[in-house]
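Q:
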Amino acid sequence: MFEFDDAPKGLARLIYASRSTQPGGPGLSEQVRIITAKSIHNNRLANITGFLAFGADRFLQLLEGPVGEIDATFERIRHDDRHTDLVVIGRAPVERRMFRDWNMAQHQVSAVDQGLLADAGLTAFAPDQLDEDGALKLLGGLGGRYRR
Ligand SMILES: Cc1cc2nc3c(=O)[nH]c(=O)nc-3n(C[C@H](O)[C@H](O)[C@H](O)COP(=O)(O)O)c2cc1C
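With our numbering applied, the sequence shown closes on residue 179, and no number is skipped along the way.
#1: Using only alpha-carbon positions, find the residue among P54, Y47, L94, A48 that is nearest to S70.
#2: Smallest Cα separation from L117: which of L161, R179, G165, G175?
#3: Measure the Cβ-Cβ separation of A48 and R122 and say whether it is below 9 Å.
#4: Which residues in the same chain as G152 place their Cβ atom closer than 7 Å to its Cβ, once the five residues preceding and following it in sequence are excluded?
#5: Would you check whether ligand 1 has a heavy atom nearer than 8 Å to the C-beta of I120?
#6: Could you work out which residue in P97, Q92, Q62, T154 is closest to V125 when comparing CA atoms only?
#7: Would the beta-carbon of K168 be found less than 8 Å away from any heavy atom of ligand 1?
#8: Give a single yes or no on whether G81 has its beta carbon closer than 8 Å to a heavy atom of ligand 1.
#9: What are the start and end residues of the alpha helix (DSSP H) that includes E95?
#10: Which class does T115 belong to by DSSP, given the choice of helix, strand or coil?
#11: Just how far apart, CA to CA, sit Q92 and I46?
#12: Specify the secondary structure class of G41 as computed by DSSP and reduced to three states.
#13: Whose C-alpha, out of G81, G55, K40, G172, is nearest the C-alpha of R113?
#14: Determine which residues share a DSSP beta bridge with Y47 and list them.
#15: Taking its Cβ as the centre, do 16 or more other Cβ atoms sit within 10 Å of G174, making it buried, or is it exposed?
In structure tokens, the structure reads:
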């Protein structure tokens with residue numbers, strides 16, 4: 032019998048890149064810690080999961096969840112003056128989540144990730160240069176241990 036649960040879930044995924052208004056370094060790691068703590072709290076209430084990669088002064092974030100919650104959350108993120116030069120890399124309906132156990136996992140990109148960057152066509156962590164396929168490949172690699 033057809034159940035309501037079989038109806039489309041209205042799940043969406045949004046990926047964007049941005050640049051921190053604070054230079055990379057210990058101050059940025061502390062700022063990301065604060066952002067992540069707030070994000071985990073808010074995203075849990077909104078049924079959003081995702082992944083935030085940062086390195087040097089760059090951010091690459093993937094958000095997934097109910098389409099209305101994604102848009103409302105991104106509207107707040109867009110206006111946050113802790114970052115600038117936001118580039119939306121992709122926004123699309125999806126069937127399933129990539130990071131379903133994590134309201135916001137985070138990862139600091141470092142030299143050990145050079146191979147993953149190269150696989151995505153980058154020589155440095157410059158996520159604004161990625162298209163959606165490249166971003167998904169890189170996020171899948173960087174976030175490998177958070178996925179299930
Ligand atoms: C790089 C970056 C990523 C962020 N990610 C999220 C997020 O996933 N969820 C969220 O609620 N806020 C996120 N924020 C924070 C929002 O911009 C905003 O400060 C926060 O949602 C406000 O929450 P409040 O209204 O509960 O104080 C992020 C901010 C930055 C700079």
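Virtual Cβ for every residue (Gly too), placed ideally from N, Cα, C.
These figures come from a predicted structure and were not determined experimentally.
A: Let me spell this out:
#1: Residue L94 is the option with its Cα nearest to S70.
#2: Of all alpha-carbon atoms in L161, R179, G165, G175, the one lying nearest the alpha-carbon of L117 is that of L161.
#3: No, they are not a contact pair.
#4: Answer for G152: G165, listed in chain order.
#5: Answer for I120: no, Cβ out of range of ligand 1.
#6: Nearest to V125 by alpha-carbon distance, out of P97, Q92, Q62, T154, is P97.
#7: With a threshold of 8 Å, the Cβ atom of K168 does not count as near ligand 1, since no heavy atom of the ligand is closer than that.
#8: Correct: G81 has its Cβ closer than 8 Å to ligand 1.
#9: Element bounds for E95: not the alpha helix (DSSP H) but the beta strand (DSSP E), 89 to 97.
#10: DSSP places T115 in strand when its eight states are reduced to three.
#11: Per the coordinates, the alpha-carbon of Q92 lies some 6 Å from the alpha-carbon of I46.
#12: Residue state, collapsed to three classes: coil.
#13: Ranked by Cα distance from R113, the options G81, G55, K40, G172 are led by G55.
#14: Y47 pairs with Q92, V119.
#15: The Cβ neighbour count for G174, taken over all protein chains shown within 10 Å, is at least 16; the residue is labelled buried.
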